[in-house]
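S.K.: Per the working numbering, the very first residue in the sequence shown carries number 6; after that it's consecutive. The structure is given below, and queries will be raised subsequently.
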Amino acid sequence: MFKRSNFKRALVTVAAVLCTAPALAGNPLVKDKFTADPAVLADGGRAYVYVGRDESPDDKGYVMNEWLVLSSCDMKNWKEHGTALRYDTFKWAKDSAWASDIVKHDGKYWFFATVSERAANAKAIGVAVADSPTGPFRDAIGKPLITSAMTLQTDIGWDDIDPTIFIDDDGTPYLYWGNQVLKYARLKRNMTELDGPIVTEGLPQFTEAPYLHKRQGTYYLSYSRDWPEYTVYATSDKATGPWRYRGKIMDANRKTKTVHHAFLEFNGKSYVVYHNAELPAGGEHRRSVAVEEFRYNADGTIPFIAQTEAGPAANPSASCK
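If you want it as C-alpha cells, here you go:
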C-alpha cells in the first residue's frame, strides 16, 4: 500500500525537481508562445534576445503586437522578462510589431523597430530608448525615423522594414534596412537623426533582414535571399562596402518561407540567433526563435550552420548579473 506520507514525499521531490529545472532550455527558446525576428544584445555578462510575438490564431496572416525579451547567463537556459514594448509605444503607429534591432550607446538602450505608420498606412521605422535592457522603453522622438515617403525605390508599402543598427569603432552609427532594396544611412551620434543621404546597395537577390557586424577588422553583412528565404552573407573592409558575396550560411525553413537572424559574441564564443517554425503548431505566421553556436573558419569566413533541436552547450558567464 502506498502510504500518504510517501505520497507527500514524492510530491515534494517532484516539486523540487521542477523548481530547479531550467524554465527554457534548448531550441526553440520559447515553447509556449510563437516568436520571430530576433534582435540580440550582450550586456553585463548576460545575453538578451528580443523577439516579436506571433499571435496569429489561424496562421493566415501576421498578428504581432509586442516584443518580448529573454535573457541568459549561458546561452542555454533562458529567462523570460515579459513585454519589452508594444507597437503602440509609438503613438503614431497603428499596428505591426515587426523586426527590430537594439544597441547600447552612451549608457542607454536604443531599440529600432518596424511598425505601420498610421498616416501613410505603410511600414516605417521608429526609435525607442530605455535606461535598462528590459525597459520600460519610450518613443525617443515622437515620430518615425524612416518613412515610406523617404524611400521611393519600390511601389510596395513594406520596403522600410528590418532595421539593423551598427556602431563602428569611431563611434559612427549606421542603420541598414529594407525589403527588395537594401538601404542604409549614417546616423548622428544622438541616434535619432540621419547624418547624410539614404543610400541604396545593390546586393544580388536581396530580399530582407540585413544584419551588420564586425570581427577582426572585417565587416559582415548577412541577409535573407530569394523566396523562400535562406541566409547568406557578404564581407567588406568598410561599413559601407563594396561587398564581396560569400555564400549561404543557413538553409531555408521547412514550415515558413521567412528566416531572420542576428549574430552575437558571448563569453568568448560565437552564436547566431534565428527563427524557424518548428513548434508542433508552427507555420508561416507562427514562428519560433532558436540559437546555434558556431566557429568562424581560419580565414574568417562563416561556415554553413545547421539548425538543431538541442542548441548550444551551456557557456556560463562568471560576470552575469
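Where a beta carbon is used, it is the ideal one built from N, C-alpha and C, also for glycine.
Distance check for residue 165 and residue 156, CA to CA, integer angstroms please.
M.R.: Along the sequence shown, one-based indexing puts residue 156 at 151. Along the sequence shown, one-based indexing puts residue 165 at 160. Whole-angstrom Cα-Cα distance: 8 angstroms.
S.K.: Under 9 angstroms, do residue 178 and residue 104 count as touching if we go by C-beta distance?
M.R.: Looking up residue 178 in the sequence shown gives position 173. Looking up residue 104 in the sequence shown gives position 99. Contact: no.
S.K.: Touching or not, the stretch 176–196 and the stretch 270–277, by the rule of three or more beta carbon pairs under 8 angstroms?
M.R.: Touching, no, given that fewer than three Cβ pairs across the two stretches are closer than 8 angstroms.
S.K.: State the CB to CB distance for the pair residue 97 and residue 148, rounded to an integer number of angstroms; the pair is presumed to be in contact (CB under 8 angstroms).
M.R.: As a first step, residue 97 must be located in the sequence shown, where it is residue number 92. As a first step, residue 148 must be located in the sequence shown, where it is residue number 143. Indeed, because the Cβ distance is near 6 angstroms, the residues count as touching under 8 angstroms.
S.K.: DSSP three-state call for residue 24: helix, strand or coil?
M.R.: Against the sequence shown, residue 24 aligns to sequence position 19. Low confidence applies here, because residue 24 scores a pLDDT of 34, under 50, leaving its location unreliable; read the following figure in that light. Correct three-state label for residue 24: helix.
S.K.: Would you identify the three-state DSSP class for residue 94, choosing helix, strand or coil?
M.R.: By 1-based counting over the sequence shown, the position of residue 94 is 89. Residue 94 falls in the helix class under three-state DSSP.
S.K.: Starting from the C-beta of residue 206, find all residues in its chain whose C-beta is less than 6 angstroms away, skip the five residues before and the five after it, and write them out in chain order.
M.R.: Taking the sequence shown and counting its residues from 1, the one referred to as residue 206 is at position 201. The answer, listed in chain order, is 187.
S.K.: Could you tell me how far apart the beta carbons of residue 260 and residue 282 are, in whole angstroms, since I believe they sit closer than 8 angstroms?
M.R.: One-based indexing of the sequence shown puts residue 260 at position 255. One-based indexing of the sequence shown puts residue 282 at position 277. Going by Cβ atoms, the distance from residue 260 to residue 282 rounds to 4 angstroms, so yes, they are a contact pair.
S.K.: Buried or exposed for residue 182, please, with buried defined as at least 16 other CB atoms from any protein chain shown within 10 angstroms of its CB.
M.R.: Mapped onto the sequence shown, residue 182 falls at position 177. Flag for residue 182 reads buried.
S.K.: Using only CA atoms, which one of 226, 118 and 171 lies nearest to residue 250?
M.R.: As a position in the sequence shown, residue 250 is number 245, starting the count at 1. Comparing Cα positions, the closest option is 226.
S.K.: I'd like to confirm the pairing. Which residues does DSSP put opposite residue 289 in its beta bridges?
M.R.: Counting from 1 along the sequence shown, the entry for residue 289 is found at position 284. DSSP output for residue 289 lists no bridge partner at all.
S.K.: Quick check: the stretch 31–46 against the stretch 105–121, are there 3 or more CB pairs under 8 angstroms?
M.R.: Touching, yes.
S.K.: I'd like to know whether the C-beta atoms of residue 185 and residue 152 end up nearer to each other than 9 angstroms.
M.R.: Against the sequence shown, residue 185 aligns to sequence position 180. Against the sequence shown, residue 152 aligns to sequence position 147. Not in contact: residue 185 and residue 152 (Cβ atoms no closer than 9 angstroms).
S.K.: Decide if residue 198 is buried, meaning its Cβ has at least 16 other Cβ atoms within 10 Å, or exposed.
M.R.: Here residue 198 corresponds to residue number 193 of the sequence shown, with the count starting at 1. Exposed: under 16 other Cβ atoms inside 10 Å.
S.K.: So which of 285, 296, 223 and 232 has the shortest CA-CA distance to residue 241?
M.R.: Here the question's residue 241 lines up with position 236 in the sequence shown. It is 223.
S.K.: Are residue 143 and residue 154 touching if we call contact CB-CB under 9 angstroms?
M.R.: Position 138 of the sequence shown, counted from the start, is the residue given in the question as residue 143. Position 149 of the sequence shown, counted from the start, is the residue given in the question as residue 154. No; because the gap between Cβ atoms is not below 9 angstroms, this pair is not in contact.
S.K.: Based on the DSSP output, what are the partners of residue 57 in its beta bridges?
M.R.: Your numbering for residue 57 matches position 52 in the sequence shown. DSSP output for residue 57 lists 41 and 72 as bridge partner(s).
S.K.: Tell me the DSSP secondary structure of residue 13 in three-state form.
M.R.: Residue mapping note: residue 13 aligns to position 8 of the sequence shown, counting from 1. The predicted position of residue 13 is uncertain, since its pLDDT is 39 and thus under 50; no value can be drawn from it.
S.K.: List the DSSP bridge partners of residue 191.
M.R.: Taking the sequence shown and counting its residues from 1, the one referred to as residue 191 is at position 186. According to DSSP, which records beta bridges pairwise, residue 191 is partnered with 179.
S.K.: Bridge partners for residue 67 per DSSP, in chain order?
M.R.: By one-based count along the sequence shown, residue 67 stands at place 62. BP columns for residue 67 are empty, so no partner.
S.K.: On the premise that residue 75 lies in contact with residue 60, defined as a C-beta separation below 8 angstroms, what is that separation, rounded to the nearest angstrom?
M.R.: Here residue 60 refers to the residue found at position 55 when the sequence shown is read from its first residue. Here residue 75 refers to the residue found at position 70 when the sequence shown is read from its first residue. That pair is no contact at about 17 angstroms.
S.K.: Excluding five sequence neighbours on each side, which residues of the same chain lie with their C-beta closer than 7 angstroms to the C-beta of residue 256?
M.R.: Position 251 of the sequence shown holds residue 256. 235, listed in sequence order.
S.K.: Can you have a look at residue 126 and say buried or exposed, based on whether 16 or more other CB atoms are within 10 angstroms of its CB?
M.R.: Counting from one through the sequence shown, the residue named residue 126 turns up at place 121. Result: exposed.
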